[in-house]
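Student: First, the structure itself, so that you have it in front of you.
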Ligand code: IVH
């Protein structure tokens with residue numbers, strides 16, 4: 009055969025084999041026997057070995073995996089992989105729909121999908137070929153597991169039809185129950201440890217170093233999210249239908265819903281019917297269909313505002329309450345924890361269960377030695393969901409919530425509208441101090457390498473660290489004198505602390521652990537107010553003028569900066585020196601021309617990105633809000649503006665202006 013002929017033969021074999029894979033795995037209708045399939049495959053392997061110049065990482069021969077061991081390379085996600093907010097009741101789902109409609113000013117379509125209980129994966133395709141497969145990791149970066157993913161036969165390595173040149177697709181890798189059971193049976197025979205559930209089996213398998221073992225485990229994958237520029241449809245549902253044409257196995261049993269009634273119907277059907285599915289599910293994901301509306305709604309730091317997970321009700325057993333402990337968390341919130349008579353639940357023995365807060369104890373009407381019902385969902389700590397009052401001892405007394413902090417004795421406080429009782433002694437109560445330090449050094453805050461909660465416990469016990477500024481006075485000898493601390497580890501901590509001096513202001517602000525100042529709020533404050541010096545003297549009015557800062561957050565900031573010991577702390581942090589001022593903050597051109605005015609923006613703009621326009625409004629002293637009310641000064645209308653925003657503004661007689669008119673306001 010001439011090289012030309014060889015190449016032709018190889019290409020033909022690959023196409024044939026892919027077609028048989030498709031018939032077998034997707035259509036469940038094989039047209040040849042396994043033996044015939046193996047012959048085709050070994051022909052192809054032989055040819056590829058003999059003519060390596062025609063090898064291709066996306067050839068079906070690669071699906072059998074290789075036994076080369078490797079460490080996984082870490083890859084940054086182009087779009088972060090966020091998680092979803094959870095909901096557990098029809099009411100919470102209804103509230104989600106109401107929130108979506110309030111914020112978007114529309115009544116969009118929704119899509120309900122099963123929430124597959126596996127491990128998530130993000131695939132990148134270029135010109136129709138699988139380029140890379142990355143695990144969720146920490147959401148920002150994950151492991152490159154491409155070689156392992158190539159072994160999953162329902163994942164297309166080459167696409168068909170009219171696909172975009174460049175896109176990402178996300179989905180769930182699952183191990184079907186049938187395969188899971190076979191695997192565990194084999195492991196029992198070999199005396200190996202069993203996998204707890206199909207989810208652990210799927211994620212454990214995907215992280216294996218030897219892809220030929222991965223190939224033998226028969227993982228499967230379903231895709232539920234297409235991302236990229238210039239996608240062929242605005243609707244999420246329609247995009248998934250397109251993706252099916254390109255060769256993906258898409259989110260099964262998805263349904264488009266017009267309103268909350270449709271959604272609740274889907275939930276109640278699948279609550280039952282999921283037991284018939286061949287793979288594990290732990291709920292339903294409800295998403296706004298239109299990508300345009302999704303964009304309008306945007307994201308919080310953790311999850312999209314346009315989607316929510318509904319968790320199915322979990323397994324429930326009865327047990328006896330022995331006693332209640334009160335634990336003080338790092339925020340000062342006091343959590344009651346029940347000690348129970350040990351009971352088997354969802355494959356593990358449960359001895360403790362969370363009671364969450366005082367209201368829950370009261371609503372349950374919990375009495376000592378009550379017979380209680382316990383539930384467990386996924387990884388969550390089990391919780392008490394009910395009491396069997398018929399079994400109550402008539403002498404039993406109601407469980408009382410404590411009045412004083414069990415750690416430091418301070419009188420607990422509860423703010424209006426809050427469920428939790430807090431220990432307010434934030435600068436002296438041990439768990440609060442340790443919690444503040446842990447938060448300060450955490451990855452999203454000052455990211456100090458090498459310092460974990462155990463070391464912090466030791467440093468606290470030894471009296472070496474009482475607040476976050478003390479960390480910067482630590483000497484190498486002091487660290488080395490701690491239990492199990494070598495020179496190398498000590499150096500790593502000191503380097504980590506030194507490197508943290510480069511952390512930008514917004515993260516330092518987040519690291520301080522001021523109540524309600526999360527990552528997003530810290531960013532907004534850094535942009536809107538600019539420095540610790542300015543924050544110290546900021547008024548309530550100045551604070552609430554910042555995008556997304558309301559009275560509750562503003563008051564918490566005022567109260568934090570009102571304390572002498574906090575002013576001292578920031579003075580010491582300033583001397584370290586940490587960055588207590590925003591860099592490259594745009595203050596040039598700042599005016600007060602829009603002072604007292606509030607704006608809603610909607611649609612897309614010619615001369616600004618949406619964030620750019622918001623920043624410009626703030627630069628001139630204006631305030632951005634997301635929904636229209638009688639108090640809104642202007643609606644700035646861009647292209648493709650949401651129709652109901654227009655309607656609402658018209659009804660409330662709010663002036664609707666173009667971006668040109670907006671410019672004149674600030675000129
Ligand atoms: S959508 C931006 N759809 O649930 C949100 N997630 O808690 C994108 N999951 O990490 C996720 N089935 O691993 C989506 N039909 C589905 C899903 C699903 C399972 C998992 C996924 C994600 C987690 C979110």
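Residue numbers (this note's numbering): 9 to 675.
A virtual CB, placed ideally from N, CA and C, is assigned to each residue, including glycine.
Treat the numbers as computed from the prediction; the structure is a model and nothing was measured.
Please find out if some non-hydrogen atom of the ligand IVH comes closer than 7 angstroms to the beta-carbon of residue 252.
Tutor: Taking the first residue of the chain shown as position 1, residue 252 is located at position 244. No, the ligand IVH has no heavy atom inside 7 angstroms of this Cβ.
Student: Which residues in the same chain have their Cβ closer than 6 angstroms to the Cβ of residue 202, if we skip the five residues on either side of it in sequence?
Tutor: Looking up residue 202 in the chain shown gives position 194. Counting only Cβ-Cβ distances below 6 angstroms, and skipping sequence neighbours, we find 192 and 195.
Student: Could you give the DSSP three-state label for residue 118: helix, strand or coil?
Tutor: Here residue 118 refers to the residue found at position 110 of the chain shown. Three-state DSSP puts residue 118 in a strand.
Student: Given a cut-off of 8 angstroms, decide if residue 122 and residue 755 are closer than it, judged by their beta-carbon atoms.
Tutor: Residue 755 is absent from the structure shown; the chain starts at 9 and stops at 675.
Student: Taking only three categories from DSSP, how would you classify residue 217?
Tutor: What you label residue 217 is simply residue 209 of the chain shown in a count that begins at 1. For residue 217, the secondary structure class from DSSP, reduced to helix, strand or coil, is coil.
Student: How would you label residue 143, buried or exposed, when you count the other beta carbons within 10 angstroms and need 16 or more for buried?
Tutor: The count along the chain shown starts at 1 and reaches residue 143 at position 135. When all chains shown are included, residue 143 counts as buried.
Student: For the ligand IVH, is there a heavy atom less than 7 angstroms away from the beta-carbon of residue 123?
Tutor: In the chain shown, counting from the first residue as 1, residue 123 sits at position 115. Yes, since a heavy atom of the ligand IVH falls inside the 7 angstroms radius drawn around the Cβ of residue 123.
Student: Using the three-state DSSP reduction, which class does residue 439 fall into: helix, strand or coil?
Tutor: Here residue 439 refers to the residue found at position 431 when the chain shown is read from its first residue. DSSP places residue 439 in helix when its eight states are reduced to three.
Student: Note down the Cα distance separating residue 109 from residue 275, rounded to an integer number of angstroms.
Tutor: On the chain shown, position 101 is the one that residue 109 refers to. On the chain shown, position 267 is the one that residue 275 refers to. Approximately 20 angstroms between the Cα atoms of the pair.
Student: Which runs of the beta strand (DSSP E) at least 3 residues long sit entirely within the stretch 362-449? Give them in chain order.
Tutor: 379-384 and 391-395
Student: Classify residue 477 as buried or exposed, calling it buried when 16 or more other Cβ atoms lie within 10 Å of its own Cβ.
Tutor: Here residue 477 refers to the residue found at position 469 when the chain shown is read from its first residue. It counts as buried.
Student: Express the C-alpha separation of residue 372 and residue 397 in angstroms, rounding to a whole number.
Tutor: Working through the chain shown from its first residue, we reach residue 397 at position 389. Working through the chain shown from its first residue, we reach residue 372 at position 364. Going by the C-alpha atoms only, they are around 10 angstroms apart.
Student: When you compare the stretch 622-634 with the stretch 536-556, are there three or more beta-carbon pairs, one atom per stretch, that lie closer than 8 angstroms?
Tutor: Segments in contact, yes.
Student: Relative to the C-alpha of residue 646, which residue among 630, 662 and 615 is closest?
Tutor: By 1-based counting over the chain shown, the position of residue 646 is 638. That would be 615, whose Cα lies nearest to the Cα of residue 646.
Student: Taking the alpha-carbon positions, what's the residue 23 to residue 222 distance?
Tutor: Start at 1 with the first residue of the chain shown, and residue 23 comes out as number 15. Start at 1 with the first residue of the chain shown, and residue 222 comes out as number 214. Going by the C-alpha atoms only, they are around 23 angstroms apart.
Student: Identify which residue in 639, 320, 347 and 287 has its Cα closest to the Cα of residue 333.
Tutor: The sequence position of residue 333 within the chain shown is 325, counting from 1. The candidate whose alpha carbon is nearest that of residue 333 is 347.
Student: Quick test of the definition: if touching needs 3 or more C-beta pairs under 8 angstroms, does the stretch 638-645 touch the stretch 605-615?
Tutor: Result yes; three or more Cβ-Cβ pairs closer than 8 angstroms.
Student: What would DSSP say about residue 77, mapped onto helix, strand or coil?
Tutor: Here residue 77 corresponds to residue number 69 of the chain shown, with the count starting at 1. Low confidence applies here, because residue 77 scores a pLDDT of 42, under 50, leaving its location unreliable and the question unanswered by this model.
Student: How should residue 378 be labelled, buried or exposed, when 16 other C-beta atoms within 10 angstroms of its C-beta is the threshold for buried?
Tutor: Along the chain shown, one-based indexing puts residue 378 at 370. Buried, since its Cβ has 16 or more Cβ neighbours within 10 Å.
Student: What is the rounded straight-line gap between the Cα of residue 667 and the Cα of residue 117?
Tutor: As a working note, residue 667 is residue 659 in the chain shown. As a working note, residue 117 is residue 109 in the chain shown. About 29 angstroms.
Student: When the distance is taken between beta carbons, is residue 440 closer than 8 angstroms to residue 429?
Tutor: Along the chain shown, one-based indexing puts residue 429 at 421. Along the chain shown, one-based indexing puts residue 440 at 432. No, the Cβ-Cβ distance between residue 429 and residue 440 is not below 8 angstroms.
Student: Just to confirm, are residue 635 and residue 136 a CB contact at a threshold of 8 angstroms?
Tutor: Counting from 1 along the chain shown, the entry for residue 635 is found at position 627. Counting from 1 along the chain shown, the entry for residue 136 is found at position 128. Cβ atoms of residue 635 and residue 136: not closer than 8 angstroms.
Student: If you drop the 5 nearest sequence neighbours on each side, which residues of the same chain put their C-beta closer than 7 angstroms to that of residue 531?
Tutor: Stepping through the chain shown from its first residue, residue 531 is reached at position 523. 514.
Student: Candidates 288, 313 and 473: which alpha carbon is nearest residue 300's?
Tutor: As a working mapping, residue 300 is identified with position 292 in the chain shown. Ranking 288, 313 and 473 by Cα distance to residue 300 puts 313 first.
Student: Report the three-state DSSP secondary structure of residue 353 (helix, strand or coil).
Tutor: Translated into the one-based positions of the chain shown, residue 353 becomes position 345. Three-state DSSP puts residue 353 in a strand.
Student: Below 8 angstroms CB to CB, which residues in the same chain sit around residue 587 once its five sequence neighbours on both sides are set aside?
Tutor: Taking the chain shown and counting its residues from 1, one reaches residue 587 at position 579. Around residue 587: 509, 510, 511, 512, 513 and 516.
Student: Would you kindly work out how many angstroms separate the C-alpha atoms of residue 585 and residue 445, rounded to a whole number?
Tutor: Locating residue 585 in the chain shown gives position 577, where the first residue counts as 1. Locating residue 445 in the chain shown gives position 437, where the first residue counts as 1. Each residue's alpha carbon lies about 17 angstroms from the other.
Student: Answer with yes or no whether the minimum CB distance from residue 319 to chain D is below 8 angstroms.
Tutor: Although the question refers to chain D, the structure presented lacks it and comprises just one protein chain.
Student: To test your reading of the DSSP string, which unbroken beta strand (DSSP E) runs of 3 or more residues are found completely within the stretch 272-299?
Tutor: List check, beta strand (DSSP E) in window: 289-296.
Student: Going by C-alpha to C-alpha distance, which of 368, 405, 401 and 416 sits closest to residue 394?
Tutor: Along the chain shown, one-based indexing puts residue 394 at 386. It is 368 whose Cα lies nearest to the Cα of residue 394.
Student: Which same chain residues, not among the five before or five after residue 78, have their C-beta less than 8 angstroms away from its C-beta?
Tutor: Taking the chain shown and counting its residues from 1, the one referred to as residue 78 is at position 70. Confidence at residue 78 is low in this model, with a pLDDT of 49, below 50, so the placement of that residue is unreliable and no value is reported for it.
Student: Pick out the complete beta strand (DSSP E) segments inside the stretch 17-94, 3 residues or longer, and give them in chain order.
Tutor: 82-84
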